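Here the structure is laid out as structure tokens; the discussion comes afterwards.
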Amino acid sequence: MNLICRQSGVFSIPQGLTSLDLHGCSRIQSSLLVDLIECLPRLRKLTLSGTQCNLQVLSAIGCTCKELRELDVSMCKAVTFLALLHLVYDQSRAAFNPLQLGKLLTEGIQLCPDSTEQQVTIVAFLLLALPRLEYISPTFLAEALTLIHRRLFGKGQQFLHSQGFPCLEKALGLRVTPGDGPSRTALSLRQLEVGPGQDLSIVTSICREVVEARVSLDDEIRDLQCFNSWKQLTHLTVDCTGDAKRTLSEMIPIFSCLGCRLHFLSLQNFHYHLETSVGRILELCPSLRVFQALLHPPPQNCSSALVNEDSDGEDDDQQPNESFLLPVNWHFPHLKDFSLRLFDSTPMPRSFQLSLETAMTSALQGSPRLEKLSLINIHLNLDRLFQKVLEQPASLVQLAELCLSQSCVSPVTVQLLMTTENQLTSLDIRHCHNIHRRHYDRFVTNAKRSKFDLQIVWE
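Adding 1033 to a residue's 1-based position in the sequence shown gives its number in the numbering used here.
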């Protein structure tokens, strides 16, 4: 049974309550929260974000809610990093609380004013004392993972002792057997964020059960093959930060092993320097549900000649390597969301245009469940692309949302997509330079005349 409360006051407690949401109930006093929680031992999900939750409330949760799986104490002004230790350790009994907590949200809570070292020690203590923890807010997480992996407990021991808590070795003993080395320590984290400059080898070694990861890369050379240590990984976001100039082709060897398991893939801020890189990555990831890519366009100094985006590509004197144009029969039985966006409108070299067109044609023809398609700032011949896609029966029949913003597409193709058998309810054609007001008005009129429930956005 679930209960959501948005007003303070006294309320009766339903028997068997398993989920309680008090988000933003800032007028409920902490003493009342303690009394309330002590009556709810069967809670599995508890949201206290923005409340008067404090050390005493956390202690009550740790002692009472043994079945708790999710806890949110974000933006609680009275909750500090140090107070979180009372969630996992009962000082009155000098014993760890046997919690089953899998998710702990702590965004916006007070940091320790004295030192970063203390904060890292606290996060490490929580990680070790919660053996089933799958997600924790990422503040100081990478530093804590390094501390645990190398067992660099050092001064943290003195800090814990001064606050009345056992040393980190005591918490470590909850999850390792005698004789295990540092590299054998394993955590149960399944969602992870890895920032730029962090040691991937440590993260992948100590967190082996990761299912969902967001990794930020800088220009530093690192062994990306570490990704392959995540045997259960299905959701991956890789983002190049700042001025990092990583090329998309760097990821191809990773997906040779990892790609077949991925359901969600997002590649952000990579440089598109190899013609076949998009197609190769798609080919290696046949189980995708969602594909997203935001790329820097190819450089202007590529040896391939530039081609006008309206060209039909039939000039024999400028034909690229035929391997770019070989038809492929890809099959993405689960793909529902495909998004590709380039940073600017710089014309792509001819070989890039034709290689990308071939890859996208095969991907769209092979995705019978595709519901959402975004092609933003794509300056190749989308008219020809969609004509090829729609030549195959039953292509795009599930398509509901289509965004072609800033891309090269003609009014004829837009009308074709509107009248083709599909589920289209949203069409975004903003800043398409071939689409003018008169075309937009005609699209709206035709949609109303055909009684389409279609929202069209243009400007």
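We put the CB at the ideal spot given by N, CA and C, even for glycine. Computed from a predicted structure; not experimentally measured.
Of the residues assessed, S1092 falls on the buried side of the cut-off, its CB having 16 or more other CB atoms within 10 angstroms. The C-alpha of F1297 is placed about 20 Å away from the C-alpha of T1394. With fewer than 16 other beta carbons inside 10 angstroms of its own, F1376 counts as exposed. Between L1368 and L1413, the CB-CB gap reaches or exceeds 7 Å.
For the set P1332, V1361 and L1328, the Cα lying nearest the Cα of S1372 is the one of L1328.
DSSP lists D1461 as the bridge partner or partners of V1490. Cβ atoms of L1134 and R1102 come within 8 Å of each other, at about 7 Å. By the 16-neighbour rule on beta-carbons within 10 angstroms, N1362 is exposed.
The beta strand (DSSP E) runs of length 3 or more contained entirely in the segment 1174-1233 are, from start to end of the chain, 1224-1227. Inter-residue distance for L1389 and P1331 is about 12 Å (C-alpha atoms, whole angstroms). Less than 7 Å separates the beta-carbon of L1166 from that of S1221. For I1046, the three-state secondary structure derived from DSSP is coil. In terms of Cβ geometry, S1443 and I1409 do not form a close pair [threshold 7 Å]. Taking C-beta atoms under 8 Å as the contact rule, S1384 and I1411 fail to qualify, at a distance of about 16 Å.
Residue range F1297 to H1304 is occupied by the beta strand (DSSP E) that includes S1299. By the neighbour-count criterion, in which a residue is buried when 16 or more other Cβ atoms sit within 10 angstroms of its Cβ, P1074 is exposed. I1169 is bridged by DSSP to L1137. C1098 and L1050 have their alpha carbons spaced roughly 12 Å apart. Counting along the chain, D1105 sits inside the beta strand (DSSP E) bounded by residues E1103 to D1105. If you compare the alpha carbons of D1416, L1115 and A1219 with that of V1445, the shortest gap goes to D1416.
With respect to V1121, V1090 sits apart: the two C-beta atoms are not nearer than 7 Å. For S1052, the uninterrupted beta strand (DSSP E) run begins and ends at S1052 to D1054, by DSSP. Listed as beta-bridge partners of A1127 by DSSP are no residues whatsoever. The Cβ-Cβ distance between L1429 and N1455 falls below 7 Å.
When the Cα atoms are used, L1055 and C1109 turn out to be separated by approximately 12 Å.
Distances from the alpha-carbon of D1251 to those of L1269, R1241 and K1278 put K1278 closest.
Look at the beta carbons and you see the segment 1186-1198 not touching the segment 1234-1252: under three pairs across the two are nearer than 8 Å. Residue range E1245 to L1250 is occupied by the beta strand (DSSP E) that includes V1248.
DSSP, reduced to helix, strand and coil, places T1080 within a strand of the structure shown.
Counting C-beta pairs closer than 8 Å gives fewer than three between the segment 1154-1161 and the segment 1075-1088, which falls short of the contact rule.
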